[in-house]
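Number of protein chains: 2
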Amino acid sequence: MTNRKAVKMSIEGRKRVIIENVKPEIDGGQFPIKRIVNDTVKVQADVFSDGHDEVVARLRYRKMSEKRWNEVPMKFLGNDRWEGIFTIKEMTTYVYTIEGWVDRFLTWQKAIQKKHEAGQDLKVEFLVGVSLIKEASKRATGQDAQRLAELGKFIKNENIVQNIAVVLSHELTVLMSTYPERRFSTRYGKELLIAVERSLAGFSSWYEMFPRSASPDTSRFGTLKDCIDFIPELAKMGFDILYLPPLHPIGQKNRKGKNNSQTAGQSAPGSPWAIGAEEGGHMAVLSDLGTVKDVEKLVREAKRHNVEIAIDIAYQCSPDHPYIKDHPDWFIKRPDGTIQYAENPPKKYEDIVPFNFETEEWNSLWNELKKIILFWIGKRIRIFRVDNPHTKPFLFWDWLIGEIKKDYPDTIFLSEAFTRPKVMYRLAKSGFSQSYTYFTWRNTKKELIEYCTALTQSDVCEYFRPNFWPNTPDILPEFLQYGERAGFMIRFILAATLSSNYGIYGPPFELCVDAALSDREEYRNSEKYEVRHWDRHKEGNLVDLISRVNQIRRDNPALHMTGNVKFYDVDNDSILFYVKATDDLSNIVLIVVNLDPYHTQSGWVHVPLKALGLDPAQPYLVYDMLSNDKYIWHGERSYVELNPFAMPAHILRVHRRLKREVDFDYYL
Amino acid sequence: MTNRKAVKMSIEGRKRVIIENVKPEIDGGQFPIKRIVNDTVKVQADVFSDGHDEVVARLRYRKMSEKRWNEVPMKFLGNDRWEGIFTIKEMTTYVYTIEGWVDRFLTWQKAIQKKHEAGQDLKVEFLVGVSLIKEASKRATGQDAQRLAELGKFIKNENIVQNIAVVLSHELTVLMSTYPERRFSTRYGKELLIAVERSLAGFSSWYEMFPRSASPDTSRFGTLKDCIDFIPELAKMGFDILYLPPLHPIGQKNRKGKNNSQTAGQSAPGSPWAIGAEEGGHMAVLSDLGTVKDVEKLVREAKRHNVEIAIDIAYQCSPDHPYIKDHPDWFIKRPDGTIQYAENPPKKYEDIVPFNFETEEWNSLWNELKKIILFWIGKRIRIFRVDNPHTKPFLFWDWLIGEIKKDYPDTIFLSEAFTRPKVMYRLAKSGFSQSYTYFTWRNTKKELIEYCTALTQSDVCEYFRPNFWPNTPDILPEFLQYGERAGFMIRFILAATLSSNYGIYGPPFELCVDAALSDREEYRNSEKYEVRHWDRHKEGNLVDLISRVNQIRRDNPALHMTGNVKFYDVDNDSILFYVKATDDLSNIVLIVVNLDPYHTQSGWVHVPLKALGLDPAQPYLVYDMLSNDKYIWHGERSYVELNPFAMPAHILRVHRRLKREVDFDYYL
């Protein structure tokens, strides 16, 4: 219980500084903000005192494992708001807080300057300052102490102009701010946490694929070995992560057939998410795919190509899972003795049995679920895409992710929760590194701007890292069903440039597969229920575009972040224009996308020259990294025209004009 | 330190409900929200669980002095947001929090309904429900237990339609919600406080007057006895509070003369805020005014007329204050042995010596300052207007107000801090009941709407009660200097109808005194530095208008609140239109003010019929309580025309149309 405590005389009543409204601070400090190494942390707070005295604020931070604090001065922004910034140097938990105090020296320095300007008598004023400097010299050490003592003596002479020069000197100001009187300083009452993850948590491109469809030989089931063979091609396309749906044995009972039909034929392979059969459960591999050893080999081979393997964690069972016999208490038994299958009334999922997280045996259940992760960590998997985390308790995730990250801080969890926003955000607070989003259904200019603004312009961006997927095995969105090849190009470019983390479900994506079940956003003949074979080299495939965009992403640090996206005006509602830039403006990317997959669209984009540090009086060069075209732009408005059948977007790198008329840095 | 604790197995892992984003909650629960008796408290929170189960949320509250909680159900607003409301019944501190749980019965009831509609087999489902009802009957007592047991048995028959009728019956639903299973319920981690004050803290009209100018005899100094004589007139004008500037002995040393001049003549009475002379300090009364006994008499006489006396608390001293000799440690001694007077460089206030709140003796200083309040409380003063609280430490106010209110909860403190917004808000959090505001300088339509919106449409309204003053002895705003009589009328009506708490400094206000120092917003020949005599009955005085508006305020509960103000469109930037209504819409007041003191202005106001529960198809009557005029309005747009020289405003009470054409409730 956090009640307001009555203020008692036992406090230090001379602490005059108030610190409040600290940002970021997630749920009163209950949850950490997230960063990766080399990210900056920008902290703001209201810091003020009574009266007119000068206030100083410092941002303090440390590694959780170390006691020693670092300090950076905070800058006054106006209206009692202060800001401090520091950079994360190491993949470890950090702590930050704020300290502020009334600075008697600065107060005196400012007052004497004003009094001097007003021609007032300063004799006694100088004596006050000399005593402040003397006190500081006692707090100082070595040469600084000696120098302060000297400066104090300078002021004792009768030459007012010379005294004032010493009082206002840079040297004295710096020395005094190095040894301030902090006896009555106020510390913010909370120490706030920063969860630091490795860089892949912040910048990643995912490729999802069903191993059983990976066989180049259309007559047989694909295997993990086929996946190994595919790795070089995937690496060439520029993906960082190959994510595989569950690899485990699949239940026989109530197995689903083609297109989710109730009765599976003899040959139906079943849904990979119906996990567990006699041969094993979450720690086994379906023999048709290979062995646990094959998984390890895949991980190794992928690593050689700088690709990591992500596996699926779906905490649910088929009715044949060994857990059901071995741990009946982990499931809901109905009054007729049967085990409760999954449902969302009136829908039934008879091939799936959920765990009962309200079981008396929740302790052993939690531990077993943790064991599953640790098993795969033992096989060198470090990335887990978690299926439907929103149907398991939040406290469980708080615990599980905390437990795993304690020993394996390089583990990355992706939350596959397509549900209500507050539930998705709460899961991110639990520690998920990345999260699926509504991007999949945000198509129009208004929708995209509103959604990206909501994700990046509020506290949400401090803990929720979006991962944009234009498609998944569960979702073939309407836009892709009707948008033809240009539609796939548009959605791909948006996903890969709006968000630093994105993924596609292939090969259906790069092959522009748009066959859906009637009136549904689901694939016809979905791989979820049958083995497919894909001709990756079919004409019209998007492999070249994808490869190029992934290369552009790698080359441009501005695209390694999501929170830096800013939208600007275009006088055409079918064209979306946004800018991503690094903090230091050394890398500026302008992205212009025609959202209409059927028609050429044109318009005038409004380039925010001032915000980008560009001289409005001078032309500048933009280089389209998609087409290799170059344009010389001039002024705030520039004309664009995009034919979706050729290329629905520009991804333009800005080249700042240098000294002479022809000296674009691009040519250097 | 509030760090995120690692979730351990020692918790109850089956608590599935999350409660977050509770509003109101001031600074994470560090400060109470404020209410008066009969106010409602509306609390919102995000309450949700994993999965698809039904969630129940309850708002819990209690008097701090009692252990027993009351509960009200919270209503689901959508997007995981819930709201609950309760009413404050007593002037005591309240506590509130939230509890939520997954309701297995509601989940089951909803599921069986859907399954029934889908024609699924329900046999086993009914058995599940029967067992839930049986468990509830064990938790229930008396007749309820018996009835639940009976209802459980009804469901056991084979008639599905009848079973469903019982399952969905109101009776079963109510009984089950009376005895829910709360074993795994989640309590919000904080118990939040409500500081409840008496009604005058929320609804009050203040009149400030210098007693020394209260003499009807122009040849002599006004006294407290003159104030007593003035009380009936003040009561007739409808004021609740008579606020008197400091009544204490005034220092001689560095006394200020007319118009704040450095050298006071023999006859200069000095500023009442230069407190303390040989004859006494903050617990004494200037002999020219009378005695402490006279103060007590004034309080008594005022009470007979339902007027309360507020005195000024100015924690500062004249150089002659006895404290300076008796407690030199409470002041700043300069190196030359002199005591530091007040300054805001380069400005000097030589007649004032501030306390040094950084003194080693701050304990004894705080206790003495508390003693001053207690002294006047002993004389039955319960309202204190505090001078410049922003130049004393916030922790001091936290402590002082807490200490006083502990024993005298009916004490009201008004914060006279004209300073930066965050400082003003922090003082309100310290416990000040009301606060001066920037209203004094907000004149245009845009300024007024923006400012009132900032005060009423954010968390600020939960702890900061504005008090609107069109003038003070320190401030004669430009608008009043140039606006003539109409200007005073406009500013008065705005203050008294925008804010439930307002005040004027009279008689200069009702006499429309507009003589200012050149280029300053200060009165010429200010009463702060000389004795004045006023002819209250001078032609053109605003006594009638003031009396009428105060009567309108008393008669209309909608004007007893500030947070209910809402602004609506008028097609003229010189006309401001706002509405105040009670929650139940039983009292609706439309206020239209011409902000231009020089010209008649007209326009069409947009009345929000729907929000006010008015039928757009029917005419309704509005009664102008200022002029006694009546208008029949019809539809959303109505024409207004306001001549500032006659009356610059309408204050219209809406009379809802009753059944027959001519039956306005006004006539009933």
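For the record, the sequence lines run as chains R and G.
Going from the first sequence to our numbering is simple: count from 1 and add 3.
Going from the second sequence to our numbering is simple: count from 1 and add 3.
Backbone N, C-alpha and C fix where the C-beta goes; we use that ideal spot for every residue, glycine too.
* W444/R at chain G interface by Cβ criterion, 8 Å -> No - not a single Cβ of chain G is within 8 Å of the one on W444/R.
* To do: Can you give me the start and stop residues for the alpha helix (DSSP H) that S457/R sits inside?
  => Contrary to the premise, residue 457/R reads as Ala rather than Ser in this sequence. It spans K448 to T459 - the alpha helix (DSSP H) in which A457/R sits, taken as one unbroken run.
* Just how far apart, CA to CA, sit L598/R and P511/R? -> 21 Å
* L154/R CB to nearest chain G CB: under 8 Å? -> By this cut-off, L154/R is not an interface position.
* Tell me, please, whether the CB atom of T90/R is closer than 8 Å to any CB atom in chain G? => no
* By the criterion of Cβ-Cβ separation under 7 Å, what are the contact partners of Q123/G in chain R? -> P349
* To do: Assuming I415/R contacts I376/R (C-beta within less than 8 Å), just tell me the rounded distance between them.
  => With a Cβ gap of about 12 Å, I415/R and I376/R do not count as contacting.
* Asked: Of all the CB atoms in chain G, is at least one closer than 8 Å to the CB of F397/R?
  -> yes
* To do: Name the one or two DSSP bridge partners that K633/R has.
  => Per DSSP, the beta-bridge partners of K633/R are Y626/R.
* Find the nearest neighbour of F89/G within the set F334/G, I591/G and I197/G, judged by alpha-carbon distance. => I197/G
* What are the partner residues of W209/R, as DSSP defines its beta bridges? -> In DSSP, W209/R forms a bridge with I244/R and G506/R.
* Pick from H653/R, L655/R, W365/R and V534/R: whose alpha carbon is nearest that of S13/G? -> W365/R
* Asked: If you draw a straight line from the alpha carbon of G241/R to that of I91/R, how long is it in whole angstroms?
  -> 27 Å
* Asked: With 16 other CB atoms within 10 Å as the buried threshold, where does M4/R fall?
  -> Here the model assigns M4/R a pLDDT of 35, short of 50, so the residue's position is not dependable, and the following value carries that caveat. M4/R is exposed by the Cβ-count criterion.
* Asked: In chain order, which beta strand (DSSP E) runs of at least 3 residues are fully inside the region 500-562 of chain R?
  -> 504-508
* Who are the near neighbours of G3/G in its chain, counting only those whose CB is closer than 7 Å to its CB and skipping five residues on each side? -> The requested residue 3/G is not part of the displayed model; chain G covers only 4 to 671.
* **Closer than 8 Å to chain R by CB, K405/G** => For clarity, residue 405/G is Gly in the given sequence; the question names Lys instead. Closer than 8 Å: yes.
* **Inter-residue Cα distance where the pair is I342/R and F334/R** => 7 Å
* Quick one: list the residues of chain G neighbouring P183/R, beta-carbon separation under 9 Å, in chain order. => Simply none; closest approach about 15 Å.
* **Bounding residues of the alpha helix (DSSP H) (the contiguous stretch that carries R307/G)** => V295 to R307 is the extent of the alpha helix (DSSP H) around R307/G.
* Please list the residues of the region 128-142 of chain G that have a C-beta atom closer than 8 Å to any C-beta atom in chain R, keeping them in chain order. => L130, V131 and S134
* Asked: For chain C, is any of its Cβ atoms less than 8 Å away from the one on A317/G?
  -> Annotation note: the requested chain C is absent from the structure, which comprises protein chains R and G.
* To do: Report the three-state DSSP secondary structure of W369/R (helix, strand or coil).
  => helix
* Which of helix, strand or coil DSSP assigns to G155/R -> helix
* Could you name the residues of chain R that W369/G contacts, counting a contact when the two beta carbons are closer than 9 Å? => M12 and G16
* **Local conformation of A673/R per DSSP, three classes** => Any property of residue 673/R remains undetermined from this structure, which presents chain R solely from 4 to 671.
* Asked: chain G beta carbons: is any one of them nearer than 8 Å to that of M4/R?
  -> Below a pLDDT of 50, predicted positions are generally treated as unreliable, and M4/R, at 35, falls in that range; the measurement from the model is reported next regardless. Chain G contact via Cβ: present.
* Asked: Where does the unbroken beta strand (DSSP E) through F387/R begin, and where does it stop?
  -> Annotation: the continuous beta strand (DSSP E) that includes F387/R extends over I386 to D390.
* Rounded to whole angstroms, what's the CA-CA distance from I36/R to E465/R? Just pull it up for me. => I36/R and E465/R have their C-alpha atoms some 5 Å from each other.
* Interface residues of chain R around F187/G at Cβ under 9 Å? -> E361
* To do: Examine chain G for any beta-carbon lying closer than 8 Å to the beta-carbon of D147/R, and answer yes or no.
  => no
* Asked: Exposed or buried, F213/G, counting other C-beta atoms within 10 Å across all chains shown (16 or more means buried)?
  -> buried
* For R215/G, which three-state DSSP category applies? -> helix
* Beta carbon of L1/G, beta carbon of L289/G: below 8 Å? -> Since the first residue shown for chain G is 4 and the last is 671, residue 1/G is missing from the structure and cannot be characterised.
* To do: Determine the DSSP secondary structure at W276/R, reduced to helix, strand or coil.
  => coil
* **Cβ-based neighbour list, D229/R, same chain, cut-off 6 Å, excluding 5 preceding and 5 following** => A217 and S218
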